[in-house]
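These notes concern the structure reproduced below.
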Amino acid sequence: MASNGQPKILVFSTEKISDPALDLAGLLKKHYPFTIYTISVPCSSCIKPRWIMRAFDKGFSGVFIAADGTDCSYGESCGEKTSQVVTTTHQLMRDKGLKPSQLKMAAICSVCAEPVVKHLTGFMKELEKMQS
Amino acid sequence: MTKKKIGVYVCHCGGNISDYVDIEKVKEAVKDEANVYLLKNTLFACSDSSQKEMVADIQTNELDAIVVASCSPKLHVPTFRGVAQRAGMNPYNYVQVNIREQGSWAHSDNPKGATEKAILLVKAGIARAAESEALTSSKIPAANVVAVIGAGVGGMRSAIALADMGTEVYLIEKEKNVGGHVANFGSLFTTDKMGYELSANLLSEVKKRENIKLFTNAEIVEKKGSIGNFDIQVKVDNDVLPLHVGAFVVNTGFDSYQPQQGEYGFGEQTNVITLPEFKKLIDNSSERLIFNGKAIKKVAYIYCVGSRQNDEGDNKYCSRYCCTAAIHASVQVNKKFKDVTNLHFNRGIRTYGKQELLYEESSKNGDIYLQFSLDSIPEITQKGGKTFVKVKDILSAGKEVETEADLVVLVTGMVPRENSKLASQLKIPVGRDNFFNEIHMKLRPVETVIDGVLIAGTCQSPKNILETMNSSMAAAAKINSVLTKGEMTLDPTLAKINPSQCTWCGKCAEACPFDAIIQTEFDGRIVAKINEANCKGCGMCTPVCPTDAIDLAGFTNAQIEGMIDALAE
Amino acid sequence: MEATNNDSMNRSNAGTTDYDVLVIGAGIAGEESALKLADMGFKVLLIEKEPSIGGKMILLSKVFPTLDCAACITTPKVSETARHPNITILTLAEAESIVKEENNLFSVTFKKHPRYVVENDCTGCQECETVCPMVVKDQFQFNLVARKAIYIPFNIANPRVALIDIENCTLCGACEQKCPSNCIDFTQKEELVNIKVKSVIVATGFKLFDPISIERYGYGRYKNVITSMQMERELAPTRPFNSVLRPSDGKVPDKIAYIFCTGSRDHTVGNPICSQVCCMYSTKQAQLLMGALPMADISLYYINIRAFGKGFNEFYMQAKDMGANYVKGKIGSISEKENGNLILRYEDIVTGKVTEKEHDLVVLSVGLLANHEITKVFKNEKLELDALKYIKQPDLLQSPATTSIKGVFVAGTATSPMDIPDTIMSAGAAASETSGYLNQWS
Chain A
181 MASNGQPKIL VFSTEKISDP ALDLAGLLKK HYPFTIYTIS VPCSSCIKPR WIMRAFDKGF
241 SGVFIAADGT DCSYGESCGE KTSQVVTTTH QLMRDKGLKP SQLKMAAICS VCAEPVVKHL
301 TGFMKELEKM QS
Chain B
2 MTKKKIGVYV CHCGGNISDY VDIEKVKEAV KDEANVYLLK NTLFACSDSS QKEMVADIQT
62 NELDAIVVAS CSPKLHVPTF RGVAQRAGMN PYNYVQVNIR EQGSWAHSDN PKGATEKAIL
122 LVKAGIARAA ESEALTSSKI PAANVVAVIG AGVGGMRSAI ALADMGTEVY LIEKEKNVGG
182 HVANFGSLFT TDKMGYELSA NLLSEVKKRE NIKLFTNAEI VEKKGSIGNF DIQVKVDNDV
242 LPLHVGAFVV NTGFDSYQPQ QGEYGFGEQT NVITLPEFKK LIDNSSERLI FNGKAIKKVA
302 YIYCVGSRQN DEGDNKYCSR YCCTAAIHAS VQVNKKFKDV TNLHFNRGIR TYGKQELLYE
362 ESSKNGDIYL QFSLDSIPEI TQKGGKTFVK VKDILSAGKE VETEADLVVL VTGMVPRENS
422 KLASQLKIPV GRDNFFNEIH MKLRPVETVI DGVLIAGTCQ SPKNILETMN SSMAAAAKIN
482 SVLTKGEMTL DPTLAKINPS QCTWCGKCAE ACPFDAIIQT EFDGRIVAKI NEANCKGCGM
542 CTPVCPTDAI DLAGFTNAQI EGMIDALAE
Chain C
13 MEATNNDSMN RSNAGTTDYD VLVIGAGIAG EESALKLADM GFKVLLIEKE PSIGGKMILL
73 SKVFPTLDCA ACITTPKVSE TARHPNITIL TLAEAESIVK EENNLFSVTF KKHPRYVVEN
133 DCTGCQECET VCPMVVKDQF QFNLVARKAI YIPFNIANPR VALIDIENCT LCGACEQKCP
193 SNCIDFTQKE ELVNIKVKSV IVATGFKLFD PISIERYGYG RYKNVITSMQ MERELAPTRP
253 FNSVLRPSDG KVPDKIAYIF CTGSRDHTVG NPICSQVCCM YSTKQAQLLM GALPMADISL
313 YYINIRAFGK GFNEFYMQAK DMGANYVKGK IGSISEKENG NLILRYEDIV TGKVTEKEHD
373 LVVLSVGLLA NHEITKVFKN EKLELDALKY IKQPDLLQSP ATTSIKGVFV AGTATSPMDI
433 PDTIMSAGAA ASETSGYLNQ WS
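Rendered as structure tokens:
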């Protein structure tokens, strides 16, 4: 938990697609809670379930996968494979007594500044509710 | 090995960062982090003077990694990798931390929060740099030789373009003759050229070039290797030739749709023929248009035969060239023969672009256009030895029109050619419409997911000749730009397999869209191995491995988990 | 080449600088040609008269028939072009004269317009915009909103740096005081630069039809009649408003009409041909609108639907299945009601009757026109046009990228209307032809 008592969210963004959307959100000064941290990877289908579990283990309340969706430059199968990562992780989360809703995924295009902020602030509210 | 001498630079970006993020606080918070050897703040990290300072810092202090906390990596990763390189440090030991777009700007409403976030982001960057590995781009020799498959007009054009750019070409044609469909065409639309002339011209250009070797009656029987270095066996007549090529341009063309028995009376009524047959008839007739000994005065064209089919048919697509081709035929008829009436039974004329002028010309000639929808297609009937076409014409408020026709021309579209053997040899993906599929329609329209296998012309989708030429030359330009140096530099951010952990289950190979995972032997066991020439560094193979034997360079478990731990603080 | 006799211009003599290729126009066609040639190892100078590269595509919302976001596809190409070591980009640069010399080199003079901002020093922080007192129409948002006299063209511009629109600037100096990196420079002057190149690619693109000349549609008089390019901006992720709204009162429209072939297939406006993209971009906008405004009623008035490319017909059928109402009809006229709604009077071709229908927003699907001004720049040998004023392709079917001048090639919509995939392939063909030409040279 952060200094202000807010839950922390770890975002996995993708270098070419969804991270630019987060950059654009900043550029447009579309604010979101500062306890949202990003790690950028080449493609959302390369995220290992163990990383997500590590984040929960270390104290993150939520993990958000900002997926490539159909814009992925590595091909159409990306969406399906990212979903598979989520499914596998959900299983591991259940075993640890975590709620599936603590892991979220949405396709974010490279200029989807507004949608990504909406997703993240909405997710934060849900986590806050869960906490209280 | 963990990096022990890390240089950290925190950028003010004028005031873009420092107006919101308390830079001194950030420095204070990270100064005692493990492995931090040098810590500075800078007004503009990207400025020339600052870059020079960093080069000097790296050299005098023998730093083994650097972290720059400034703007988005999209802007300045190449800049600071350049700094590292100039200082003699491996560029992959550099880490960029984004405290502007995702720091000061995203949280300009909350300077305290922005500062707290910046501190953790910088710590995560330090953790990532500590576990960073020096990576070197490897170079592999690549043959500046291309096998162009199919010597229709598109294939010949690809071959000529490649040869002129300095690439050696093997032009491989299955049939005895070159030129494909076009070699048998007469007048071609929107020009005065004849199909057979175009084909002959191209053939003579092919023959002029010493760096094109044309094989007819030839096909690929075996293929091995990857981009830059494919080994193929080509069967020519009864001999088998081994060839070494860097890439393929597949230009295998289309088939004309063959109407089904009874489709609009085809095969049942002798005066129902296809558009290609009709074009031949026009070319072979002089003065009078004669079919089966009978003078033709009225031609009915039925459009979209084999294209834009309803749920029962496979071909949902529009064949693109046929509206213009049929109208062009009717214009030819009017030029060549007197007193022939053309009736066009269409589903909305698609003479896009400049081809519109041909449609206008035909309308001015007095051609009649009637439009039908899929729910009520024209009926062809025979009465007393005469042929009648009946349709509900959309253009006259659905009125039923019946008219006699001497000849019914089925405007047949293009269908994908049966080419499953080649497709499986080269692993060419096929799209929903069964044509070969490009990797991205706009970014990479002539490439497939398999590196070194390009597609051009009508094997990718229906096209007219101009469009075929453009795509054939575009494919030539693309592959020449890759092979022209005779070697290829491979991006070092690739997947890496730990063979002692791998038990070969094949899941990674299944997950890889680029055919980049092969088998190899390790300690007497079969294990997976990355074919570096094919790997794109997407990492799709990494989460599926049950023994966690695959890491992606730059995104290893140690790096990502180090970052997670730092951010979770 | 004679220097222009104008004291206010500096004349830098860079006559010794050699490029293999000059590419005129940095839209997607110019970028693609430049990238391919640069990858082959040729030195390319890419000039663009606008302040950003990326052409028209970078301003689009999504693209048909895949609905990829246009920016996601354009920006990687744009930054690849900008970073390529073999490509030099000059924005705000306009070709003035091109003369083919006896040694087959082209002597090129171009005008470099001042930005009044030092490009390398500007960090794109936009602080200057906050203090500039001058507000003018924003041409990159197709006049839907306003911008300042000092401005960054648009968020994803490249280079993403400010420029001063000097005609609207009062020289108050507020930006100069505010700028944290001291990069405002009012002393910059127009420059004429002369260079020599071995070949030229013309990738000057198209012009959009201005519907003001079709009086019966009321564009420019009726506020709620907009162009498809304005709708494109309203739908773009970097859009000016947060939702689709109509200009007269900011209301979210729920009865939208598209009028196809505005300025195409129309002899009365001098453009008899089909623009090749309007059917599909309108269909795309209809799909996006149905997503954004699920309750809205969308009618598309067309003559013929040209859904001919790969996946296009399927995309058109999908729009119909989603509920888009395609009406085969010819629009007679539009009249405006007091509440800003519009009455369309049209001949319904299926029923054969003249009908009227009310809409609250009308989008004109404007066509593409030839952009042929570049021909004036060629001073000795003539760059010929075809009957439709597009760059003439003398060997259309065998070498479509060649022009009437040996060593000058053409790419993209400078030759004819075409969509993005066709443009990319035409640009590839131009690169191939140019490379072949340059290889013969050496």
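So the protein sequences, as listed, match chains A, B and C. If you're matching positions, the first sequence starts at 181 in the numbering used here and goes up one per residue. If you're matching positions, the second sequence starts at 2 in the numbering used here and goes up one per residue. If you're matching positions, the third sequence starts at 13 in the numbering used here and goes up one per residue. In this text, a Cβ means the ideal position worked out from N, Cα and C, and glycines have one as well.
ALA160 of chain B and THR295 of chain C have their C-alpha atoms roughly 38 Å apart. Cβ atoms of TYR313 of chain C and ALA269 of chain C come within 8 Å of each other, at about 6 Å.
Residues of chain B with a Cβ closer than 8 Å to the Cβ of GLY364 of chain C are, in chain order, SER397 and ALA398. GLY16 of chain B and ALA478 of chain B have their C-alpha atoms some 46 Å from each other. At a cut-off of 7 Å between C-beta atoms, CYS81 of chain C counts as an interface residue with respect to chain A.
Within chain B, the C-beta atoms nearer than 7 Å to that of CYS137 of chain C come from GLY15 and ASN17, in chain order.
Within the same chain, VAL416 and ARG418 come within 6 Å of ASP256 of chain B by CB-CB distance, once the 5 residues on both sides are set aside. Listed in chain order, the positions of the segment 228–262 of chain A with a beta carbon within less than 8 Å of a beta carbon of chain B are LYS228, PRO229, ARG230, TRP231, ARG234, ALA235, LYS238, GLY239, PHE240, SER253, TYR254, GLY255, SER257, CYS258 and LYS261. Nearest to HIS13 of chain B by alpha-carbon distance, out of B:CYS503, B:LEU276, B:THR116 and B:LEU39, is B:THR116.
Residue C:LEU47 holds the alpha-carbon nearest to the alpha-carbon of ILE213 of chain C among C:ILE317, C:GLU202 and C:LEU47. Residue range 342–347 is occupied by the beta strand (DSSP E) that includes HIS345 of chain B. If you draw a straight line from the Cα of LEU359 of chain B to the Cα of MET195 of chain B, it comes to about 17 Å. Restricting attention to C:SER211, C:ILE207 and C:ILE176, the CA atom closest to the CA of THR199 of chain C is found in C:ILE176. Leaving aside the five residues that flank ALA85 of chain B on each side, the residues in its chain whose CB is nearer than 6 Å to its CB run, in chain order, PRO92 and TYR95.
No Cβ of chain C is located within less than 7 Å of the beta carbon of MET157 of chain B. The C-beta distance from ALA105 of chain C to GLU60 of chain C rounds to 7 Å, short enough to fall under 8 Å. In its own chain, leaving out the 5 sequence neighbours on each side, no residue places its CB closer than 7 Å to the CB of MET437 of chain C. With respect to CYS137 of chain C, ILE162 of chain C sits apart: the two C-beta atoms are not nearer than 7 Å. Going by C-alpha positions, ALA152 of chain B is about 13 Å away from ASN202 of chain B. Residue pairing by DSSP places ARG159 of chain C opposite C:VAL148 in a beta bridge.
Here THR485 of chain B is not near THR275 of chain B, since their CB atoms are 7 Å or more apart.
Under the Cβ criterion (8 Å, minimum of three pairs), the segment 182–192 of chain B does not count as touching the segment 484–498 of chain B. Interface criterion not met: the Cβ of ILE197 of chain A is under 7 Å from no Cβ in chain B.
For ILE110 of chain C, the number of other beta carbons within 10 angstroms of its own is at least 16, and it is reported as buried.
Chain-order list of chain C residues neighbouring MET541 of chain B: empty, with the shortest C-beta distance near 19 Å, by a criterion of under 9 Å. Nearest CB-CB separation between GLU357 of chain B and chain C: below the 7 Å threshold.
A Cβ of chain A is located within less than 7 Å of the beta carbon of ALA569 of chain B.
If you check each beta-carbon in the segment 384–416 of chain B against every beta-carbon of chain C, the ones closer than 8 Å belong to ILE395, LEU396, SER397, ALA398 and GLY399. Inclusion of ASN170 of chain C and ALA94 of chain C in the CB contact set at 7 Å is warranted, their separation being smaller than that value. Around PHE214 of chain A, the beta-carbon contacts reaching into chain B at under 7 Å are HIS108, ASN111, GLY114, ALA115, GLU117 and LYS118. Closest by C-alpha distance to LYS342 of chain C, out of B:ALA66, B:LEU396, B:SER109 and B:TYR318, is B:LEU396.
The three-state reading of DSSP puts CYS305 of chain B in strand, counting E and B together. Using a Cβ-Cβ cut-off of 7 Å, GLY538 of chain B counts as an interface residue toward chain A, since at least one Cβ of chain A sits closer than that to its own. Our two residues, PRO112 of chain B and LYS41 of chain B, have alpha carbons roughly 21 Å apart in a direct line.
If you draw a straight line from the Cα of LEU376 of chain C to the Cα of LEU183 of chain C, it comes to about 39 Å.
Within the segment 118–149 of chain C, no residue has its Cβ closer than 7 Å to any Cβ of chain A.
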